[in-house]
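Worksheet: the structure to be examined is printed underneath.
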Amino acid sequence: MASGNLGLTYGGQEKTPSLSGETEFAAEAGAPGGLFHADYKRHDDLKQMLDSSKDSLKLEAMKRIIGMIAKGRDASDLFPAVVKNVVSKNIEVKKLVYVYLVRYAEEQQDLALLSISTFQRALKDPNQLIRASALRVLSSIRVPVIVPIMMLAIRDSVSDMSPYVRKTAAHAIPKLYDLDPEQKDELVMVIERLLSDQTTLVVGSAVMAFEQVCPERTDLIHKNFRKLCAVLVDIEEWGQVIIIGMLTRYARTQFTDPNINGTNHSEKDKPFYEESEEDDEKGKQTESLVLDPDHRLLLRNTKPLLQSRNSSVVMGVAQLYHHLAPREDVAIVTRALIRLLRSHREVQTVVLNSIASMSVNRKVQVNVAKKFILCVLTYFFVVLKDMFEPFLKNFFVRSTDATQIKLLKLEILTNLANESNITFILREFQTYISSQDRDLVAATIQAIGRCAAGIKEVTDTCLSGLIALLSNSDELVVAESVVVIKKLLQTHQGSHGDIVGQMARLVNRITVPQARAAILWLVGEHCEKKRVSKMAPDVLRFMARTFANEQDVVKLQILNLAAKLCLSNPKQTKVLCQYVFSLAKYDQNYDIRDRTRFLRHLVFPSTEQALLAKYAKKIFLASKPAPVIESVFKDRDEFQLGSLSHYLNSRVVGYMDLPNFPAVAPDSNVRNVESPRPVIPVTSLRGNSASAPSKGKKKETFYSESSSEDDDVKDESGSSDSKSDSSSEMDSDSAESDSDESSSEEDPDDSVDISQQNIVRLSPSLSPSPPAQRLSRTLVIESSSESEYSSNSSDSDSNDSDKVVKSSRMPPPKSNLDLLLDLDVSDSAPVMASVSGIPLGTLASTPITDSSVQPVSAAYISTRPTELVSSISSGCGLQILYRYTRSINLYSPSMVTIELTLVNTGNEELTEVKITNKNMPVGISMHEFTTLASLPVGATRLVTVGIDFGDSTQNVSCDLVASGRPIKINFRPSVGELIRPVTCTEGVFINEQGKLKGMNEHSFSITNTLELEDMKNISTKIFRTTNMASINSSDPNTLRFAGQTLSSKSLVLVTILVGVNPKLTVSCEKMIIGSMLLAELKEALKN
Amino acid sequence: MIHSLFVINHSGDVFMEKHWRSIIPRTVMDYFFEAQRQVVKDNKGHEDVPCVIATPHHYLISIYRNGLYFVAVCMSEVPPLFVIEFLHTVVDILEKYFTECNESNIKEHYVVVYELLDEVLDNGYPLATEPNILQELIKPPNIIGNLINTVTGKSNVSSVLPSGQLSNVPWRRADVKYTNNEAYFDIIEEVDAIIDKTGSTVFAEIAGKIECCVRLSGTPDLTLSFINPRLMDDVSFHPCVRLKRWENERILSFVPPDGSFCLMTYHVGCQSAVAIPIYIRHNFFLPKENSQSQTGKIEITVGPRQTMGRVVENLQLSIPMPKFILNCTVTLNQGRATFDPVTKILLWEVGKIDPTKLPNMRGQIHIQSGAVILQSTPSVNVQFTLTQIAISGLKVHRLDMFGENYKPFKGVKYLTKAGNFQIRM
C-alpha cells in the first residue's frame, strides 16, 4: 500500500530527470574503470548531485559512492551530504544511503545521530519491510549513544506482528550486545521470548542470538527443546546448523553418555563375553534402554537432515551423532559424509579433515575392542567395525585432486588399514609412488611405514618394498624411504644388519639431509652388529671429510656416530672422533658446539670427571624406545568435530568446550511442558506456549502430512495446507496465524490450548516490567465494554457460544483470562474457531509505543445494519446486510470488522455459504468467516469478516457462494471506519497535533454558524461518521477527537472550534486519509 | 560469524570488499597473499591455496571459483563448512543474477552485488539466501529492465517484502503466472571411475542429479515417481521435497521453486555394478634414465564398451604429462590434439566413437634436454557424454500435478556424462 502511495506522489516528479540523466549514465557505464578517482572535484560533483532535487541524480551519485566503498576507497567526507538523503522517498536511494550509513556511522557518530529520528519513524511504518530494514540499520550503525533507543526498538519489534520483523529483531540482539554487554540481562529476557516464538522463520535467528549472548543459559532451552526438535526440518538451512550446534551442547549437559554401558561392559565384564554371546545381547539391550526419550527424539529428528543439500547441515548432524549417539548408530552418517566428497574442493577438504579425525577415533575403539574381547564377539565386531571401511574406495586418490586433498585421503586410507584390506591398500599405494606429485609420493611412503608399523602381518612385506624403493631413481623417494625404514627398524625387533649395511652405502648418493641423518643414526645404533661394524668407521671417515658442508641435523648425527664408534671401536676411530669433535668445536651453530662439549667430556674424560664416563657406553648404546608412528589427527579429539578449532587443531577465540556427559542425567521433567495453569506467572505460561508444538505445531509445519499421524488427520491437514498456502498471499500475518487457524479448525479440542497460548503471547508483548495481570485486566474491561454495545443483537449468540466453549472441555473459569475468553467468544458463534485461535495474541502485539495514547472502545456503534445485497439481486433469496461493529477485529487489529447478517428469505435451504474468489488489491487482506454448512429457510445468521484495507478506501470485492451460486459483493469502506478510537490527555493531543502541521493538516472554515448548544449534536454527528473518541478539552469552545488508523497506527486528530470562527481541522500523517476524512466530516456536519 | 568479505581476482587485486560489522582493514589480506605466493612458489595450482588460514586475530576462509577468490574474514569460532557453503551460495546467487560470476560482471553490477550482499547477511548471519526471494527483493539486471527503469524512474529494489519470505514455502515466490506452463526434468548422471593399468575397474560409482526447470503458474504441488527408485543409494534433496513421503513411498513430492533448480542428487553406489562405457588401450613409455635417447612413445586407442546401445559422444582425453616433457608430436586418425607446453597437458578432442574405426593416437614424446627423467606414469582424464540414457537405468515413472487446474507441459531428459573418470597408464 505504501508503495502505491509513493508511486502516486512521486512517480510524476521522477520522469523528467531520469530522461535527462540518461546520457550521463551511459557515459559512466562506458568507462567503469576510470570512474573513481579520489579527486576532490569529483566529490564536489557528487555533493552537488546529492543535493539536487532529482532522484535519478541522487541515485546515480549514491551508486558511485557505493562503488567507492566497494573498492575500499574512502568516501567519508561525503557523510553530511549523504546522510541528508536518508529521508528520501525513493526506496533505492534510501537503501544505498543505509548501506553508506552502516559503513561510516561509526566514524562520524555525531552526524549519524541526525538520521536516528528517521529510523524511529520508519520503525512504525505499516510496511514490514521498511520496519525491518529500519531496525536493521538502526542496530548496525554501532553508535554507543543510541543503545537505549536500540533496546527500545528491539523490545518493540520482538512483539511485532510480522515474523520478518521479529527475525530482524533477533539479529539485532547480538549487535546490541556487542555494543554494550551491560544490556545482557534485558536481552536475555528478549531472547527468552523469541525462543518461544512459534514461527520457524524466527526460531533459527532466536537461537543464533542465544548462542551469541547467553550460550550458558541452558535453562532457557528446556521448555523449547521439544519444539526445536519438532520444527528443525522446517527451519531454513543456516538456522538448522546453529540449532544443531546448540542442541549438541545442550544434550551433552542433559543426557548421560549413551556409550558408557558399552565400554564398561567390555572392560569390566570381559570374562562374561568369553563365555557366551547372550550376555552380549543383554549388554546391547541395556545400552539402548538407557537412552532418554528426549535424547532419542533429538537423534531421530536430526537424522532426516542428513539429506540436506547444504553440506554444513550434513556436517552438523554428523558431529551431533559423533558426539551424542550410541556407537552403533553413528555409522548412518557415513554415507552422507561420503556424498559431500563430490562437492566443491573446499568442502572436500573440511569433510576429509573431519573424517580423518573420526577414522582415527573409531580405529582406537576397534583396538580397544580387540584387546579386551578377543575371541567371540562377532556382534561387537560388526558394530565397531570401522564405519568408513566400506567406503574405502571413495578415498582413493585421483590425479586431479588438490594436493591437500590427496594427503588427507592418504591419511584416511592409512587410518582405515587393517589386516583384511591392507593388501588392497598397499597395491593402491604402489600406484601413488609413481605419481607426479612429489608431496603425495613422500606422504605415501610415510603411510606405508605407518601401515607396516601398525599391522604386524605386513611389516616384512612393507619393509622389503621400502628397501626396493631405495634403488629408485628419484632421490626424494629414496630419502623418504630411508627415514621411514629407520623408524620401522626401530619398532621392529631383530637383526637388520644387512639392511643397515645396504643403507650405509647410500650415504654417498643421498643429499637430502633428513635421510643422511637417518642413515648415520642407524649406523651408529647398529655399529656393533656384524656387518655394520666393519663399514661404520668408513662411513665416519667419509662424513668427517664433508663435515663442514653438512646441514646441522647431519652434523649432529655425525657427532653421535663418532661418539658411539669411539666407545664401541676405539681402536679404529678414536683419532677420527677427535678430529670430528675439533671441527665441531668451531662450528657456527651453538647447538653443535654445545653438543660437542658435552660429548667430549663423556667420551674423552679428564681424570676427575670419570664418574659419568664409566657409564658412557650404557648411555649411548642403550636400547631406545621405539617411536610410535601414529596419525597427526590423533589428538584432535578435544575439539568439537567440524568446528574451526578442530580444523586448525588450536583453540579459536570463542570456542566453547563440549561439556562431558553428566554421570547422572539432570531431571528430565524440566523439558515437560505442563498443561495450562490457572494462575499467570509469566514463566510458566511461556512454557505453555512452547508446549503447543507437541500438538499444534506439528500440523503447522509444511511437511505436516508427513509427520507420523493418523491417516485421516493427514488428509485433512493436507487440504488445509494448500489452503493456507493460497491465503498466505493475502494475510499480512500469514504463516503463523494461518496455521494456527487451520489447526484449530481441525480439532476443536486444541482450540482451548491454543487460545491459552495466545494469551501467553500477549503478556510479554507489553514491556516486560508491568505484570501480565494488569494488561489482561485492561483487556477485559475493553472487551466487556465492547460487548455492552453489541449485546443487543448477539445476546442469544453469546449463550450459544458459552455452550460451545463448554463443550470444548474448557476448564471452569478461574481467572481473568478465562473470563476474557468467554467474553471474546460472545462476538458471534460461527467464528468460534478463529476467535479462539488468533485474536488475543495479535491484539496484544498492537505496538503500545506511546503509553499516553491508548485505544478505547467506540463511542457509538450503529445497531442498524445496511443492506449489501438484496434478496432479489442475489438470485437465491439470500439477503445480506452489513454493519460496522467498530470492535477490534479478533483476527488482526488492523482489520475492520464487518458484521454480515445473512437472511434466507427464499424457499429452499442454502448450503455451503462461504466467501471465495477474493480479489484483493495489493496490501489489502481479508479474513473470511468460516463456512456455514447450511442456512435453513427463514433463518438469520450473523457472521463477521475482517478486512484490512491497508488505510486505503479501495473497493474490496469478493464472491459469496451459497449453494454453489456466487453472489458478488463489494465492500467500500468509508474512511471513518478505518480509524480506531484512542484517548490521550489534552496535552498529548496538542503536542501531537503540533507535530502534524503543514501538509498533514487539513482544515475547513465552517460557514453555517454553530451554536454552543449544538455541541452534543456535533459530537454525535462526528461519532456517527467516524470511529473516534472525544478528548476532554479545557476550552469549552473546542471539541477534540482522537483516533488512529487501523493499519499504520498513525494518529488522526480532529479539532472543532466553535464560536466566532468555527473551524474544522483534521490532522493526520496520512494525507489522503486526512483529506478524505475532512470531506466526510464536512458532509456530516452540513446535515 | 562472517565479518567481512573480500573478492580477489587472478592478479591478486582486492576489487570488492564488504563489511558486515566493524571495518577490517584490507591489510589482513596480506596473509592470504602470502599463502598464495607460497603456493605459486611450490609450483602448485590455485586450488592449493589453503581454504582456512589462521592469522593472529582473524581467520580467513576462502573459496576459489571462476578464477576469483572469495575470502571471508571471521574472528571467532564458526563451523568452517558453514562459511564455505555460504560463500558458494553467494557465488551461486551471483551466477543466477549475471549468468556468469566473473570479475567484469561483478564490477559492472557492483551496486546490485552490494545490495545482494547486504541482503544475504545481517551482522554476519545469513538472512535470506533463497534465489526466489532475493529476485523479488532485488530485480536481476537485464537490458529491458534497465530501459524501463530509466524511463519510468522505478528502481530495482522492491519496496514490499516478498510474501514467500513469510509463507510455509519460502523458496517459491508468490503470484507466479505463465502463459505456457511447463516443467522440464533433466536427469544427469556422472560416472566416476578409476581404472587401473590393466583395464580393470578399481572404483566406479554413479552420481546423479535431477535438474529441473519448472515454470508453472500458481502454487503447483508436484509428485515425481520412479520405476526403480531403489537404485538410488544415498540422496539429498532441495528443501522443498517432503522427506517423509520419500522415506515411506519413495516418491518425490514437492512444491517447486520457480525457475531452474537442482531437485535432488543421488548416488548409485559400489554395490551395483556400474557400466563403464569405454575402454582404452594404451602404451606409454619414457626413455630409460641413462639412455641417450630423448624421446618416449605414446599410443592410445579408445573403444566403446557397455554403452547400452548409445553412441559415445564428445569424447575428450586429457593427459597431464610429467613436467620434464618438452613436447609431444602425435598423429591421429580422428579429432584434434593439442599440447599445452605450460601446463604440460596433452588434450585430444576425439568426438564420436565409431565402433568400426576406433580412434587412435600415436606419437612421440620429447624430453627436455638435461632434465632428470623420473619414471612416473600419467593418468588419463576422460570426458564423454551419452545422450538419452541414464546409465544406472533409472527411469521416471510419472509426474503428477495437484493444486492447479491447467495442464502443464512435461518433459524428461536423460544424460550420462563422465564425472571424475580416470584411467591410470
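Each protein sequence line maps, in turn, to chains Z and Y. Note that numbering that gives the first Met the number 0 has the first sequence beginning at 0, numbered continuously upward. Note that numbering that gives the first Met the number 0 has the second sequence beginning at 0, numbered continuously upward. Ideal Cβ placement from N, Cα and C applies to all residues, glycine included. Predicted, not measured: the structure shown is a model, and the values here were computed from it.
Would you call the CB atoms of residue i and residue j closer than 8 Å?
| i | j | result |
| --- | --- | --- |
| Phe69(Y) | Val240(Z) | no |
| Ile344(Y) | Ile366(Y) | no |
| Leu439(Z) | Val396(Z) | yes |
| Ile411(Z) | Cys450(Z) | no |
| Phe660(Z) | Asp256(Z) | yes |
| Gly402(Y) | Ile297(Y) | no |
| Lys563(Z) | Gly523(Z) | yes |
| Val379(Y) | Ile352(Y) | no |
Leaving aside the five residues before and after residue i along the sequence, list all residues of the same chain whose C-beta is less than 6 Å from its C-beta, in chain order.
| i | result |
| --- | --- |
| Leu959(Z) | Ile914, Ile966 and Ile968 |
From residue i to residue j, what distance separates their C-alpha atoms?
| i | j | result |
| --- | --- | --- |
| Ala69(Z) | Ser356(Z) | 40 Å |
| Phe258(Z) | Pro626(Z) | Correcting the residue identity first, residue 258(Z) is Asn in this sequence and not Phe. Those two C-alpha atoms are separated by around 31 Å. |
| Thr88(Y) | Gln513(Z) | 45 Å |
| Leu230(Y) | Ile390(Y) | 11 Å |
| Arg437(Z) | Asp29(Y) | 28 Å |
| Tyr881(Z) | Val852(Z) | 30 Å |
| Ile205(Y) | Glu235(Z) | 29 Å |
| Asp593(Z) | Gln556(Z) | 14 Å |
| Leu373(Y) | Ile466(Z) | 18 Å |
| Ile432(Z) | His525(Z) | 29 Å |
Shorter than 8 Å from the beta carbon of residue i to some beta carbon of chain Y?
| i | result |
| --- | --- |
| Pro892(Z) | no |
| Arg599(Z) | no |
| Phe395(Z) | yes |
| Asn309(Z) | yes |
| Pro173(Z) | yes |
| Trp520(Z) | no |
| Gly464(Z) | no |
| Lys226(Z) | no |
| Gly963(Z) | no |
Output the boundary residues of the beta strand (DSSP E) element that contains residue i.
| i | result |
| --- | --- |
| Ser1002(Z) | Glu1000 to Ser1004 |
| Leu1052(Z) | Leu1050 to Leu1056 |
| Phe69(Y) | Leu67 to Cys73 |
Looking only at its own chain, which residues have a Cβ that is under 7 Å from the Cβ of residue i, when we skip the five neighbours before and after it?
| i | result |
| --- | --- |
| Val98(Z) | Ile65 |
| Leu611(Z) | Leu601 |
| Asp79(Y) | Looking at the sequence itself, residue 79(Y) is Pro, so the reference to Asp does not match. Result list for Pro79(Y): Val51 and Ile60, in chain order. |
| Arg515(Z) | Val506, Ile509 and Val553 |
| Arg25(Y) | Val13 and Glu16 |
| Ser1074(Z) | His1001 |
| Asn471(Z) | Val477 |
Does residue i get closer than 8 Å to chain Z when you measure Cβ to Cβ?
| i | result |
| --- | --- |
| Gly11(Y) | no |
| Met15(Y) | yes |
| Tyr96(Y) | no |
| Arg397(Y) | no |
Mind checking which residues open and close the alpha helix (DSSP H) that includes residue i?
| i | result |
| --- | --- |
| His221(Z) | Asp218 to His221 |
| Asp438(Z) | Arg437 to Gly453 |
| Asn990(Z) | Glu985 to Lys994 |
| His321(Z) | Ser310 to Leu323 |
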